[in-house]
Ligand SMILES: [Zn+2]
């Protein structure tokens with residue numbers, strides 16, 4: 607469902623959404639207040655409504671130790687132009703109307719070099735709850751839909767004999783630099799172009815956490831070879847766990863195949879093998895890549 611923030615009332619952006627919806631042969635009705643624009647989809651498409659979304663949540667632990675980026679002197683224009691907002695909203699209608707995703711269109715974000723013209727607060731996609739709701743751009747939401755349908759649910763059924771009912775998120779939009787590298791470039795999270803996932807909750811109640819379900823990483827094996835100590839049984843550092851290797855458990859196979867499948871859909875996929883900063887979550891983003899996805 608999609609609803610429109612107050613500041614779009616009577617603006618060209620509203621007209622643009624209506625035009626875009628019309629191009630998609632989606633019928634539109636606007637309440638007299640212009641506060642809400644509801645798109646009643648085609649027979650196949652689920653209904654979407656646009657409502658104002660709250661600002662991004664505060665950082666979760668995985669991100670909290672990475673200070674937010676302050677707007678720089680080189681900051682670009684403080685606001686997005688109507689044309690930029692219109693183009694982004696048109697893309698949202700185009701890529702998300704067929705998915706029937708449950709979301710709210712949020713206010714444009716501009717914070718120095720960070721931000722995006724049409725973020726959405728994603729609550730449910732492809733029948734899977736996104737919890738906490740994640741602030742992402744529409745392309746990320748659409749790719750998440752594709753990943754859940756093509757990879758997540760088929761593999762969940764095959765490996766675990768159940769479906770995923772909830773994806774537990776760790777971070778969507780956040781104005782900050784990359785983590786786990788010495789490079790100070792802005793993270794794709796800064797453009798709402800990324801999503802971090804820490805766990806999958808199954809229809810049978812099981813919760814598969816990246817931190818404890820992934821199994822031993824290549825770093826752990828190298829550390830083990832050096833020290834001769836037992837391998838880590840999950841993705842936590844060896845100092846925290848000393849149990850048998852569990853890379854062949856169904857949970858580990860599920861998480862590793864989730865990760866592998868995401869590499870065919872997203873531009874960048876990082877997990878516990880990438881570095882210590884990603885021990886406890888999968889990072890998916892849509893950074894432009896010349897060739898294949900960056901996947902580790
Ligand atoms: Zn991330």
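In the numbering used here, the protein residues as written are 607 to 902. Don't be surprised by glycine CBs; every beta carbon is placed ideally from N, CA and C.
The C-alpha of residue 732 is placed about 7 Å away from the C-alpha of residue 707. The beta carbons of residue 768 and residue 821 sit no closer together than 8 Å.
Unbroken beta strand (DSSP E) stretches of 3 residues or longer found wholly inside the segment 744–815: 770–777, 800–808 and 813–815, given in chain order. Distances from the CA of residue 761 to each of 900, 874 and 856 were compared; the closest alpha carbon is that of 856. The continuous beta strand (DSSP E) containing residue 729 extends over residues 726–731.
The C-alpha of residue 734 lies about 43 Å from the C-alpha of residue 834. Annotation for residue 735: the continuous beta strand (DSSP E) segment containing it runs 734–742. Between the segment 708–724 and the segment 772–784 there are three or more C-beta pairs closer than 8 Å, enough to call the two in contact. Here residue 776 is actually not in contact with residue 884; their C-beta atoms are around 10 Å apart, not less than 8 Å. Inter-residue distance for residue 786 and residue 819 is about 21 Å (C-alpha atoms, whole angstroms).
Inclusion of residue 714 and residue 691 in the CB contact set at 8 Å is warranted, their separation being smaller than that value.
If you draw a 10 Å sphere on the C-beta of residue 891, you find 16 or more other C-beta atoms in it, and that means buried. Counted as a single uninterrupted DSSP element, the alpha helix (DSSP H) harbouring residue 833 occupies residues 824–833.
For residue 747, the CB contacts under 7 Å within the same chain, skipping 5 residues up- and downstream, are 702, 707, 709, 726, 728 and 731 in chain order. Residue state for residue 869 is assigned as coil, using DSSP reduced to three classes.
For residue 825, the closest of 878, 806, 896 and 854 by C-alpha to C-alpha distance is 878. Relative to the non-hydrogen atoms of ligand 1, the Cβ of residue 865 never comes closer than 7 Å to any of them. In the structure shown, residue 887 falls within a coil segment according to DSSP collapsed to helix, strand and coil.
Ranked by Cα distance from residue 705, the options 738, 872, 740 and 754 are led by 754. Scanning its chain for C-beta atoms nearer than 7 Å, with the 5 sequence neighbours on each side dropped, one finds around residue 861 the residues 814, 816, 819 and 820, in chain order. Pairing residue 770 with residue 804 gives a Cβ-Cβ distance that is not under 8 Å. Not one heavy atom of ligand 1 lies closer than 7 Å to the C-beta of residue 899.
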